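Residue numbers (mature numbering (1 follows the signal peptide of the UniProt record, and there is no 0)): -23 to -1, 1 to 315.
All residues carry an ideal CB built from backbone N, CA and C; glycine is no exception.
Just so we're clear, the structure is a prediction, and the values are computed from it rather than from any experiment.
Listed below in structure tokens is the structure:
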């Protein structure tokens, strides 16, 4: 890249780094006279979900997997390269991550209008919010503080060492969330995101042999039948499964909401022992967590509100200063070159 072409991007990056320590702010881009940023993100997310609703869950998962590792820095979006063949994207804990194409489309549109201004980390935060709003029919909505920067550091090992396992015990989950400043109530709240999305065989195979007190017998039978095809994904929420699966599971409960509808059905499933992951079931083993499962089952509006608050808090996890260069990437899948 020629110096005269790189200079505007470099200056913008240095200025952005200087303000990274400041608190994130709602309306950050409006203050920069870039009021079209959030509408552009929402437009692209909605266009995508009108065509493929399942990508909404993928965007929410992408946001969590980015922020949880070392802060919301878009490190999960980086592709392998000759200099970094093992970024977070290829981690075993990130199996099945997708919707990267949605972020790339948004970034391209924003670069065309506001070059060098909007970070990929902020795009991901906005997109997760808009997907949440879309999938909940507007019941879950919130303002997103912004002003994040993108990291040049991304290591698969960090993701595998940090992301909670689907087979985790309750003490391990409590410890994992506690390290990020999240309490048991927030653990239960965020687990409600498992009313959307799908899972791959390795993440639930242990449930095929789980003892009877940990899983509904008919639901387990349906899982075993589905797992005969190990390449098949299984819906996190039984509501979204095939007719054959629900028939095998004896699932006749009428729960409102379309497929990939983000609501409190997870808590109904949890109390019926029809959750896909061991890490979901173990919430029942703690008295306080169990009380919150029941509370959110019975009070859907309360969960909507608490889930929104938890996502805002998640978005405030930022990379530690001094650990790698921060920038505003020109492309979300690759670090800048100067």
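How should residue i be labelled, buried or exposed, when 16 other C-beta atoms within 10 angstroms of its C-beta is the threshold for buried?
{"i": "residue 3", "result": "exposed"}
{"i": "residue 305", "result": "buried"}
{"i": "residue 27", "result": "exposed"}
{"i": "residue 283", "result": "buried"}
{"i": "residue 159", "result": "buried"}
{"i": "residue 141", "result": "buried"}
{"i": "residue 209", "result": "exposed"}
{"i": "residue 297", "result": "exposed"}
{"i": "residue 216", "result": "buried"}
{"i": "residue 213", "result": "buried"}
{"i": "residue -19", "result": "With a pLDDT of only 43 at residue -19, under 50, the local geometry of the prediction cannot be trusted, and no value is derived from it."}
{"i": "residue 24", "result": "exposed"}
{"i": "residue 64", "result": "buried"}
{"i": "residue 117", "result": "buried"}
{"i": "residue 72", "result": "exposed"}
{"i": "residue 138", "result": "exposed"}
{"i": "residue -3", "result": "Here residue -3 scores only 44 on pLDDT, less than 50, and its place in the model should not be relied on; the value that follows carries that caveat. By the 10 Å Cβ count, residue -3 comes out exposed."}
{"i": "residue 275", "result": "exposed"}
{"i": "residue 69", "result": "exposed"}
{"i": "residue 152", "result": "exposed"}
{"i": "residue 50", "result": "buried"}
{"i": "residue 38", "result": "buried"}
{"i": "residue 84", "result": "buried"}
{"i": "residue 183", "result": "exposed"}
{"i": "residue -1", "result": "exposed"}
Alpha carbon to alpha carbon, how far is residue j from residue i? Give it in angstroms, no decimals.
{"i": "residue 180", "j": "residue 255", "result": "9 Å"}
{"i": "residue 169", "j": "residue 269", "result": "11 Å"}
{"i": "residue 93", "j": "residue 265", "result": "46 Å"}
{"i": "residue 317", "j": "residue 103", "result": "Residue 317 lies beyond the residue range present for the chain, which begins at -23 and ends at 315; the question has no answer from this structure."}
{"i": "residue 220", "j": "residue 313", "result": "48 Å"}
{"i": "residue 144", "j": "residue 258", "result": "10 Å"}
{"i": "residue 302", "j": "residue 245", "result": "45 Å"}
{"i": "residue 149", "j": "residue 206", "result": "30 Å"}
{"i": "residue 197", "j": "residue 285", "result": "32 Å"}
{"i": "residue 82", "j": "residue 22", "result": "10 Å"}
{"i": "residue 89", "j": "residue 281", "result": "35 Å"}
{"i": "residue 59", "j": "residue 277", "result": "48 Å"}
{"i": "residue 308", "j": "residue 130", "result": "15 Å"}
{"i": "residue 134", "j": "residue 185", "result": "28 Å"}
{"i": "residue 223", "j": "residue 55", "result": "38 Å"}
{"i": "residue 146", "j": "residue 9", "result": "46 Å"}
{"i": "residue 36", "j": "residue 225", "result": "30 Å"}
{"i": "residue 44", "j": "residue 295", "result": "7 Å"}
{"i": "residue 62", "j": "residue 230", "result": "47 Å"}
{"i": "residue 156", "j": "residue 48", "result": "12 Å"}
{"i": "residue 247", "j": "residue 315", "result": "51 Å"}
{"i": "residue 86", "j": "residue 202", "result": "44 Å"}
{"i": "residue 174", "j": "residue 7", "result": "33 Å"}
{"i": "residue 166", "j": "residue 287", "result": "7 Å"}
{"i": "residue 189", "j": "residue 250", "result": "10 Å"}
{"i": "residue 200", "j": "residue 227", "result": "12 Å"}
{"i": "residue 243", "j": "residue 17", "result": "31 Å"}
{"i": "residue 40", "j": "residue 105", "result": "6 Å"}
{"i": "residue 252", "j": "residue 52", "result": "30 Å"}
{"i": "residue 272", "j": "residue 177", "result": "29 Å"}
{"i": "residue 322", "j": "residue 262", "result": "Not covered by the structure: residue 322. The range shown for the chain is -23 to 315."}
{"i": "residue 12", "j": "residue 289", "result": "20 Å"}
{"i": "residue 310", "j": "residue 171", "result": "27 Å"}
{"i": "residue 279", "j": "residue 291", "result": "18 Å"}
{"i": "residue 127", "j": "residue 154", "result": "23 Å"}
{"i": "residue 119", "j": "residue 293", "result": "14 Å"}
{"i": "residue 57", "j": "residue 46", "result": "17 Å"}
For residue i, which residues does DSSP report across the bridge?
{"i": "residue 122", "result": "3"}
{"i": "residue 303", "result": "128"}
{"i": "residue 308", "result": "311"}
{"i": "residue 211", "result": "176"}
With a threshold of 8 Å between beta carbons, is residue i in contact with chain D?
{"i": "residue 221", "result": "Looking for chain D here will not work: only one protein chain is present."}
**OP:** Pair every Cβ in the stretch 176 to 196 with every Cβ in the stretch 145 to 162, then say whether three or more of these pairs are closer than 8 Å.
**Re:** no
Original post:
Is the stretch 99 to 107 in contact with the stretch 116 to 125, if contact means three or more CB pairs nearer than 8 Å?
Top reply: yes
**OP:** Answer yes if the stretch 108 to 122 comes into contact with the stretch 227 to 247, meaning at least three C-beta pairs across the two stretches below 8 Å, and no otherwise.
**Re:** yes
Original post:
Within the chosen definition, does the stretch 17 to 32 reach the stretch 59 to 79 through at least 3 CB pairs nearer than 8 Å?
Top reply: yes
Subject >> Contiguous alpha helix (DSSP H) assignments of at least 4 residues, all confined to the stretch 238 to 290 >> reply: 242 to 248, 255 to 258 and 264 to 275
Original post:
Where are the alpha helix (DSSP H) runs, 4 residues long or more, that stay fully inside the stretch 31 to 68, in chain order?
Top reply: 32 to 47
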